[in-house]
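Notes follow the structure.
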Amino acid sequence: MAESSWLTEFPQLERADLRDIRKSLDAGYREFSREYGELIESFFDPLLTFLVWFEKLLLATPWWLVIAVIAGLAYFASRSWKLGLGVVISFMLIGYFGMWDNTMRTMSIILVCTLMAIALGVPIGIGMARSDRTQSLVTPILDVMQTMPAFVYLIPVVMLLGIGKIPGVIAVIIYAIPPVIRLTNLGIRLVDKDVMEAATAYGASPLQRLMGVQLPLAMPTIMAGINQTIMMSLSMVVIASMIGVKGLGQPVLKSITNQYFTLGLLNGLAIVALAIIFDRVSQAYAKRAQEHMKGLENG
Amino acid sequence: MADVLIEIENLYKLFGRSPAKYMPLVHAGKSKDEILAETGHTLGLKDINLQIKRGEIFVIMGLSGSGKSTLIRHFNRLIDPTEGVIRVEGSDVMQFDKKELQHFRRHKMSMVFQRFGLLPHKSVIDNVAYGLQIQKVSSNEAKAKAKEWLETVGLSGYEDQYPSQLSGGQQQRVGLARALCTDAEILLMDEAFSALDPLIRSEMQDQLIKLQETLHKTIVFITHDLDEALRLGDRIAILKDGEIVQQGEPEDILLNPATEYVEAFVRDVNRARALTVETVMKDPACRITAETIEEALKQMKGFKQDYGYVVNADGYQGVVTEEALKEAYADDKTADLTEDIMEEVDPLEEGAVLESVIPCTLEADFPLPVVDDAGNLTGRLSRGTLSDVLGERA
Numbered sequence: 015m016a017e018s019s020w021l022t023e024f025p026q027l028e029r030a031d032l033r034d035i036r037k038s039l040d041a042g043y044r045e046f047s048r049e050y051g052e053l054i055e056s057f058f059d060p061l062l063t064f065l066v067w068f069e070k071l072l073l074a075t076p077w078w079l080v081i082a083v084i085a086g087l088a089y090f091a092s093r094s095w096k097l098g099l100g101v102v103i104s105f106m107l108i109g110y111f112g113m114w115d116n117t118m119r120t121m122s123i124i125l126v127c128t129l130m131a132i133a134l135g136v137p138i139g140i141g142m143a144r145s146d147r148t149q150s151l152v153t154p155i156l157d158v159m160q161t162m163p164a165f166v167y168l169i170p171v172v173m174l175l176g177i178g179k180i181p182g183v184i185a186v187i188i189y190a191i192p193p194v195i196r197l198t199n200l201g202i203r204l205v206d207k208d209v210m211e212a213a214t215a216y217g218a219s220p221l222q223r224l225m226g227v228q229l230p231l232a233m234p235t236i237m238a239g240i241n242q243t244i245m246m247s248l249s250m251v252v253i254a255s256m257i258g259v260k261g262l263g264q265p266v267l268k269s270i271t272n273q274y275f276t277l278g279l280l281n282g283l284a285i286v287a288l289a290i291i292f293d294r295v296s297q298a299y300a301k302r303a304q305e306h307m308k309g310l311e312n313g
Numbered sequence: 419m420a421d422v423l424i425e426i427e428n429l430y431k432l433f434g435r436s437p438a439k440y441m442p443l444v445h446a447g448k449s450k451d452e453i454l455a456e457t458g459h460t461l462g463l464k465d466i467n468l469q470i471k472r473g474e475i476f477v478i479m480g481l482s483g484s485g486k487s488t489l490i491r492h493f494n495r496l497i498d499p500t501e502g503v504i505r506v507e508g509s510d511v512m513q514f515d516k517k518e519l520q521h522f523r524r525h526k527m528s529m530v531f532q533r534f535g536l537l538p539h540k541s542v543i544d545n546v547a548y549g550l551q552i553q554k555v556s557s558n559e560a561k562a563k564a565k566e567w568l569e570t571v572g573l574s575g576y577e578d579q580y581p582s583q584l585s586g587g588q589q590q591r592v593g594l595a596r597a598l599c600t601d602a603e604i605l606l607m608d609e610a611f612s613a614l615d616p617l618i619r620s621e622m623q624d625q626l627i628k629l630q631e632t633l634h635k636t637i638v639f640i641t642h643d644l645d646e647a648l649r650l651g652d653r654i655a656i657l658k659d660g661e662i663v664q665q666g667e668p669e670d671i672l673l674n675p676a677t678e679y680v681e682a683f684v685r686d687v688n689r690a691r692a693l694t695v696e697t698v699m700k701d702p703a704c705r706i707t708a709e710t711i712e713e714a715l716k717q718m719k720g721f722k723q724d725y726g727y728v729v730n731a732d733g734y735q736g737v738v739t740e741e742a743l744k745e746a747y748a749d750d751k752t753a754d755l756t757e758d759i760m761e762e763v764d765p766l767e768e769g770a771v772l773e774s775v776i777p778c779t780l781e782a783d784f785p786l787p788v789v790d791d792a793g794n795l796t797g798r799l800s801r802g803t804l805s806d807v808l809g810e811r812a
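Chain order of the listed sequences is X and Z.
Quick note: the first sequence, position 206, residue 220 per my numbering, numbers continuous.
Quick note: the second sequence, position 347, residue 765 per my numbering, numbers continuous.
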């Protein structure tokens, strides 16, 4: 500091000070995780139990039954036999190339993550839509969640909960939840003011307005958010595999370190297939649920 | 009929961050523009006093920005006033807590909106039943009732359509059916027909008038269209810059505009269509009640005119001229005054609009007699009166 002027050099913190700050923060967090790690872990126990049970269920069910159920769901959501057939073919290929078990694991974790993201994200989005203050508070947090490199928040999660399914789920949710929150907020805010006023004028309670008007009218936007959430959680699978989440991510990770091109490609394609199936099914379902919008499009 | 249902006293609305702080300025008599310049607050309504009677159509008229939509939203507290009292059936609406307000909105008032405010995700029948659904009436009962009202407004067969599949006029019929379906006593109509094209609008006005004949609701109707106001309103209040400049019966406003502003409005009104015979007719001076020709001629001499309206216990009979009387007198002066010597002149009805009586009034040689529903002579309408009223331009 003494020899160089602050005009030419940025007046930065002394290295020693910086090191001290890092040390004390790290130590503090370590202390915290030692102290409360188990408590928090036990808090997540029910979730873990469910996850393990669901994964076992998918793995124990005979493959043809799984395919039949998923193809059936796809058909009923979309009423399109093409989509049903596409599901059957994709899963056949996945199974044929020996990726069945990993696909089931990935699917179970994605489903759980999506459900958790919806269960958490929609209420948060509603809260944001109800108050401008909440919105201005939550928005920067969402920005951080979406731009902060996943590895960075993996560190504290792993420090706290070790490696395994639960930290994986948490990491995936942190990464994938912002769209559903943002779009729920946006969808509700975009609901026609006139319609809301009419509902109020007829004496609808806040709950009646929410359930009867806001959510149904915001549904197309919310569904777009859910769709994005599913896509983002699928893309997080590979990174989550770094902290011990079993599934399609692990072979991909293995092929990066060992330069197994084909293995990586096959597992990557399986993730893509899952993504497309989830996307098409959820979109087709959303579209069918919005039958009344047809008139609007046709003018 | 005459009891007051809705009462508004000294109502003020100041829009802005801290309206209460600047209310003294309003009371000090500063104008809307001065207040806006000094404080950034917009004076929405200023010292509104209204009494709306049970069973009447009360029209609040004003141009955009006059505060009429703000005012109607005070009735069911979609907007809260800065100061003032709103009483409905004697209870102060401002004192209601949330639950009471909800109950009040569900059962006392229903509303029709300019841009319909229908729920796009619900079918037509569910839209009509919406008010009842909110009240947690059983679904079957609500639908049955909704179906009835849909029929009344002429939309049966459209139950399962969605609002977006209907035309504007049809959508507003759904809005009207929804408002009627809750059986609320008070109907608030916020520019309900303004978004419709003229033909449909006048159709809807007719329908509303017809419905009102059987329903006898208390209707508060907002419009920017004076013709509409005159057509529907039992009484009219004219709003300008948040203040009521005149209120009264339609004829009153048309014939005695209180300010230049009202006058400017009234100038463009088609008076021939807005006024009825009753409102402009003169007293029937030349009334002949005699039974014989001699007496009749005597009566006629008393008038300045050379004609008279023959009236007996059964009401108006016809017109007789001095000339005809004299001729008959020469014949037989003691004879009864019979139809033979009278001229058959069809009388005008009190309730007829001027437009419909223009041709016959102009063609007649003398002022036409006017009768009430029972056939009694109540007035006369001359060419001069007609041209005075229709030609009058302020």
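We put the CB at the ideal spot given by N, CA and C, even for glycine.
Straight through space, the alpha carbons of leucine 606 of chain Z and glutamate 577 of chain Z are spaced by roughly 24 Å. For chain X, the residues of the stretch 533-553 of chain Z that bring a beta carbon within less than 7 Å of one of its beta carbons are Arg533, Gly535, Leu537, Pro538, His539, Tyr548, Gly549 and Ile552, in chain order. In terms of CA proximity to serine 528 of chain Z, X:Thr214 leads the group X:Thr214, X:Ile177 and X:Arg93.
Serine 805 of chain Z counts as exposed, since fewer than 16 other beta carbons sit within 10 angstroms of its beta carbon.
In the structure shown, the three-state DSSP call for glutamate 761 of chain Z is strand.
Nearest to glycine 42 of chain X by alpha-carbon distance, out of X:Ile270, X:Met173, X:Met113 and X:Thr243, is X:Met173. Annotation: tyrosine 110 of chain X to tryptophan 77 of chain X spans about 11 Å, alpha carbon to alpha carbon.
For the C-beta of threonine 198 of chain X, not a single chain Z residue is nearer than 7 Å; the gap to the nearest is close to 17 Å.
CA-to-CA, the gap between lysine 561 of chain Z and isoleucine 543 of chain Z works out to about 7 Å. Taking a C-beta cut-off of 7 Å against chain Z, the contacting residues of the stretch 229-242 of chain X are Pro230 and Leu231, listed in chain order. The beta carbon of valine 227 of chain X falls within 9 Å of a beta carbon belonging to chain Z, placing the residue at that interface. Burial of aspartate 608 of chain Z is indicated by the presence of at least 16 other C-beta atoms within 10 angstroms of its C-beta. DSSP, reduced to helix, strand and coil, places aspartate 724 of chain Z outside both helices and strands of the structure shown, so it counts as coil. For aspartate 465 of chain Z, the uninterrupted beta strand (DSSP E) segment begins and ends at 460-471. For methionine 441 of chain Z, not one C-beta of chain X is nearer than 9 Å to its own C-beta.
Taking 9 Å as the threshold, the shortest C-beta distance from serine 528 of chain Z to chain X falls below it. Around the C-beta of asparagine 241 of chain X, 16 or more other C-beta atoms lie within 10 Å, and the residue is accordingly described as buried. Secondary structure remark: continuous alpha helix (DSSP H) runs of at least 4 residues inside the stretch 739-784 of chain Z, in chain order: 740-749 and 772-781.
Here threonine 457 of chain Z is not near tyrosine 430 of chain Z, since their CB atoms are 9 Å or more apart.
Chain-ordered, the chain Z residues with CB closer than 8 Å to the CB of valine 209 of chain X read Gly535, Leu536, Leu537 and Pro538. Under the three-state reduction of DSSP output, lysine 554 of chain Z falls in the coil class, being neither helix nor strand. Contact annotation: in the stretch 128-160 of chain X, no residue has its CB less than 8 Å from a CB in chain Z. Under the rule that a run must span 3 or more residues, the beta strand (DSSP E) segments found entirely inside the stretch 577-625 of chain Z read 604-608. Counting the other Cβ atoms within 10 Å of the Cβ of isoleucine 627 of chain Z gives fewer than 16, which makes it exposed.
Listed in chain order, the non-local C-beta contacts of leucine 267 of chain X below 6 Å within the same chain comprise Ser255, local neighbours out to five positions each way being set aside. Asparagine 688 of chain Z carries a coil assignment under DSSP once its states are collapsed to helix, strand and coil.
Residues Cys127, Ser247, Met250 and Ala254 of the same chain have their beta carbon placed closer than 6 Å to that of valine 186 of chain X, with the five preceding and five following residues left out of the count.
The beta-carbon separation of glycine 586 of chain Z and alanine 610 of chain Z, rounded to 11 Å, does not stay under the 8 Å limit for a contact. The continuous beta strand (DSSP E) containing arginine 798 of chain Z extends over residues 795-799. Judged by their CB atoms, threonine 739 of chain Z and tyrosine 725 of chain Z are nearer to each other than the 9 Å cut-off. Between leucine 786 of chain Z and valine 763 of chain Z the beta-carbon gap is near 7 Å, inside 8 Å, which marks them as a contact.
Neighbours of glutamine 222 of chain X in chain Z, taken as residues whose beta carbon is under 8 Å from its own, are Ile552 in chain order.
By the criterion of at least three beta-carbon pairs nearer than 8 Å, the stretch 193-206 of chain X is in contact with the stretch 222-238 of chain X. Close partners of phenylalanine 611 of chain Z in chain X (Cβ separation under 9 Å) are lacking, with about 16 Å as the shortest Cβ gap.
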